[in-house]
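Under the numbering used here, think of the first position of the sequence shown as 185, with each following residue one higher. Data block below; observations after.
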Amino acid sequence: MKGTPREVLGAPHPVLSAVAEPVDPTAPEVMAAAADLLATLRQEPGAAGLAAPQIGLSWRLIAFDAGRHPKARSRAGELVVANPRLAGAAHWNGGREGCASVAGLTADVPRATRITVHGHLPGTGEAVTIEADAFEARCIQHQLDHLDGLLFLDRVPRVLSLHTSLHTCDA
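Take a look at the structure:
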């Protein structure tokens, strides 16, 4: 299914601070939203992931493709996951993040460097488990935060961790 790129909402849009609702991964509207999410991700320069709230849908749906990033080690490829949930997290450290919904800022954010995520594939509803590390783990956790109404700024430990960015890069 070919998607249509959508506008990425900027903070402080209210949908970005709301907890997203679970979805039926086999519903046609969810499959269409998954295609739109991927189309939007592909057009966002430097972005490695997006969550449905960023395109105006308060649904538990994320898309990511961290494989092109130079700090990526694990590479699940271009993927959309419905109702993702963090099942395991280990080896925490800080790293720089930015967000397509927060233009002009990056920050040092503590995240797990190894994670396990369970969810479902849009369309088939097939269960999927993702084991990710390094940058891909950071990217996925960033998207999961969007589903819980959090921006990366909510995880900044202190104001001195904020930086102006020269480009946008989601996670």
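All residues carry an ideal CB built from backbone N, CA and C; glycine is no exception. All figures in this text were calculated on a predicted structure; none of them were measured in a lab.
1) So I239 is in the beta strand (DSSP E); what residue range does that whole segment cover?
2) So for A250, helix, strand or coil by DSSP?
3) Less than 9 Å between the beta carbons of L245 and A266, yes or no?
4) Secondary structure at R356, three-state DSSP: helix, strand or coil?
5) Could you give the distance in angstroms between the alpha-carbon of C283 and the alpha-carbon of L241?
6) Would DSSP call P305 helix, strand or coil?
7) So if DSSP puts V214 in a beta bridge, which residue, or which two residues, is it bridged to?
Once the coordinates are examined:
1) For I239, no beta strand (DSSP E) encloses it, and the DSSP letter there is neither H nor E.
2) DSSP places A250 in helix when its eight states are reduced to three.
3) Yes.
4) In the structure as shown, the chain starts at 185 and stops at 355, and residue 356 therefore has no counterpart that could be examined.
5) One C-alpha to the other measures close to 17 Å.
6) Before going on, a small fix: residue 305 reads as Leu here, not Pro. The answer is coil: DSSP assigns L305 none of H, G, I, E or B.
7) Per DSSP, none; premise fails for V214.
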